[in-house]
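Chains as they are written, first to last, in the working numbering: chain B, 1 to 209; chain Y, 1 to 209.
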DNA sequence: AATTATCCATAGCGATCGATACGAAACCTA
DNA sequence: TAGGTTTCGTATCGATCGCTATGGATAATT
């Protein structure tokens with residue numbers, strides 16, 4: 001962490017890098033990497049260009065740090081759901097319902113930054129698109145691992161493909177992200193999640209109905 | 001259609017507008033609206049800027065015509081599936097399996113133009129993003145209508161929400177679009193579709209297995 | 001052949017993009 | 001207090017963005 005190891009001397013920063021990064025993250029979340037201009041970042045972060053470049057190197061590095069911050073502050077529900085000591089079906093249920101909440105917060109941009117941050121880009125930003133794909137693939141892999149554990153625990157049928165089902169669950173979350181961006185409410189996303197859960201090969205502890 | 005009513009006189013076009021529009025469509029499909037520059041369009045369409053602007057007015061109009069062309073030439077499977085004289089479950093099945101094919105053609109960009117064309121944009125391109133959202137909402141509405149017909153025909157339980165299930169199916173297709181963009185094969189997308197179909201409240205005519 | 005209309009190619013428009021040069025200001029160490 | 005280091009604010013940089021002015025070329029119409 002750069003902002004922890006103050007080397008020595010020099011004029012102190014006149015702003016809080018974490019607050020600035022937070023503003024940048026929300027802007028990237030809303031408009032994506034390429035469509036977010038330095039002018040927009042300047043206004044949202046309340047900084048001058050040299051302040052931004054001195055603290056975050058360049059736009060690409062700023063975006064990557066925004067990704068890290070998003071991962072740490074906005075989608076903890078995922079790791080929580082996948083690591084909770086509950087049956088596999090319940091874990092996936094918490095994952096999808098958590099996404100329903102996280103993708104439709106009123107004070108946040110809709111959907112997931114990992115999806116809307118850079119889906120279609122210019123050739124110059126291909127590395128950014130690849131980075132986001134890596135994040136999405138990592139999520140999918142984490143789900144697959146949880147499902148494999150579920151198979152080992154007897155929660156899921158032995159003949160099931162953990163990778164295949166993980167692709168479905170990750171894809172459902174991506175679809176929820178698009179629906180959220182189209183204005184779906186948290187209730188609609190929850191209903192979406194419940195419907196998606198019906199496809200799981202587990203004896204669903206159905207919602208109280 | 002402008003290209004049908006030749007008014008009279010004048011020097012004839014030295015290019016085929018439909019071929020040029022096709023090249024533009026594929027470029028927008030791959031890179032999205034904003035990230036596709038006029039330079040890229042020039043090279044792909046084999047035209048000079050004045051030729052493009054004379055034939056298609058401006059970049060935004062060109063994109064809108066590309067959307068129409070995409071709708072007409074690339075996703076006929078959807079209307080076909082929804083209007084086929086088959087039970088509702090089979091219609092949705094054809095819809096999702098058709099999407100699996102259409103989103104992973106080797107000679108085409110992955111996914112759906114209506115999703116990747118403009119998901120996160122600059123404020124200047126908000127109208128374009130809204131236009132794409134309108135297309136997505138229209139697809140969802142078409143599915144909801146087919147589901148309502150299915151309820152009337154007794155294919156689906158009466159207490160089911162056609163709109164809610166349509167949101168799920170449309171969202172699943174959006175999710176498949178993202179997965180296709182991440183390199184999912186047609187087989188993986190078909191498996192995705194089959195899993196998603198298991199959530200439908202119909203006696204599934206399961207795949208021959 | 002003369003007129004009119006449309007398209008072609010060359011060149012370049014103003015605006016915005018991401019990123020910086022510069023020198024003054026503000027802190028620490030010695 | 002002097003030296004060293006970092007950030008500050010101001011003013012831009014060259015490149016690319018979408019787009020167009022201009023004038024010659026090629027057709028149908030009269």
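Cβ atoms here follow ideal geometry from the backbone N, Cα and C, with glycine treated the same way.
Locate the alpha helix (DSSP H) running through residue i, then write down its first and last residues.
i                      : result
residue 132 of chain B : 126-152
residue 92 of chain Y  : 88-102
residue 114 of chain Y : 113-116
residue 195 of chain Y : 186-197
residue 172 of chain Y : 162-181
residue 76 of chain B  : 76-83
residue 14 of chain Y  : Run containing residue 14 of chain Y: none; DSSP gives neither H nor E here.
residue 121 of chain B : Unbroken run through residue 121 of chain B: none, as it is neither H nor E.
residue 105 of chain B : Segment: none, residue 105 of chain B is in no alpha helix (DSSP H) and carries neither H nor E.
residue 67 of chain B  : 59-73
How should residue i be labelled, buried or exposed, when 16 other C-beta atoms within 10 angstroms of its C-beta is the threshold for buried?
i                      : result
residue 48 of chain Y  : exposed
residue 13 of chain B  : exposed
residue 179 of chain B : buried
residue 20 of chain B  : buried
residue 73 of chain B  : exposed
residue 50 of chain B  : exposed
residue 3 of chain B   : Model confidence at residue 3 of chain B stands at a pLDDT of 35, short of 50, so the residue's coordinates are unreliable and nothing is read from them.
residue 63 of chain Y  : buried
residue 104 of chain B : buried
residue 154 of chain Y : exposed
residue 158 of chain Y : exposed
residue 80 of chain Y  : exposed
residue 190 of chain Y : buried
residue 36 of chain B  : buried
residue 125 of chain B : buried
residue 84 of chain Y  : exposed
Determine the closest residue to residue i out of the options, with distance taken between C-alpha atoms.
i                      : options                       : result
residue 91 of chain Y  : Y:32, Y:69, Y:125 and Y:142   : Y:142
residue 120 of chain Y : Y:109, Y:178, Y:34 and Y:67   : Y:34
residue 115 of chain B : B:173, B:187 and B:9          : B:173
residue 122 of chain Y : B:154, B:146, B:80 and B:39   : B:39
residue 168 of chain B : Y:187, Y:145, Y:196 and Y:138 : Y:196
residue 18 of chain Y  : Y:37, Y:46, Y:11 and Y:140    : Y:46
residue 106 of chain Y : Y:153, Y:26 and Y:11          : Y:26
residue 140 of chain Y : B:134, B:182, B:96 and B:63   : B:182
residue 148 of chain Y : Y:184, Y:88, Y:16 and Y:68    : Y:88
residue 108 of chain B : B:57, B:186, B:129 and B:130  : B:186
residue 194 of chain B : B:15, B:96 and B:57           : B:96
residue 160 of chain Y : Y:71, Y:129 and Y:200         : Y:200
Would residue i pass as a contact of residue j if the rule is Cβ separation under 9 Å?
i                      : j                      : result
residue 171 of chain Y : residue 77 of chain B  : no
residue 113 of chain B : residue 29 of chain B  : yes
residue 41 of chain Y  : residue 24 of chain Y  : yes
residue 32 of chain Y  : residue 117 of chain Y : yes
residue 294 of chain Y : residue 66 of chain Y  : Residue numbering for chain Y in the displayed model covers 1 to 209; residue 294 of chain Y lies beyond these limits and cannot be assessed.
residue 202 of chain Y : residue 156 of chain Y : yes
residue 136 of chain Y : residue 82 of chain Y  : no
residue 144 of chain B : residue 198 of chain Y : no
residue 252 of chain B : residue 44 of chain B  : The structure shown has nothing for residue 252 of chain B, since chain B only spans 1 to 209.
residue 60 of chain B  : residue 134 of chain B : no
residue 94 of chain Y  : residue 22 of chain Y  : no
residue 188 of chain Y : residue 164 of chain B : yes
residue 184 of chain B : residue 110 of chain B : yes
residue 138 of chain Y : residue 151 of chain Y : no
Mind checking whether the beta-carbon of residue i lies closer than 8 Å to any heavy atom of the ligand FMN?
i                      : result
residue 156 of chain B : This structure does not include the ligand FMN; it has no bound ligands of any sort.
Exercise. Where in the region 27-53 of chain Y do unbroken runs of the alpha helix (DSSP H), each at least 4 residues long, occur, reported from the N-terminal end onward?
Worked result: 38-45
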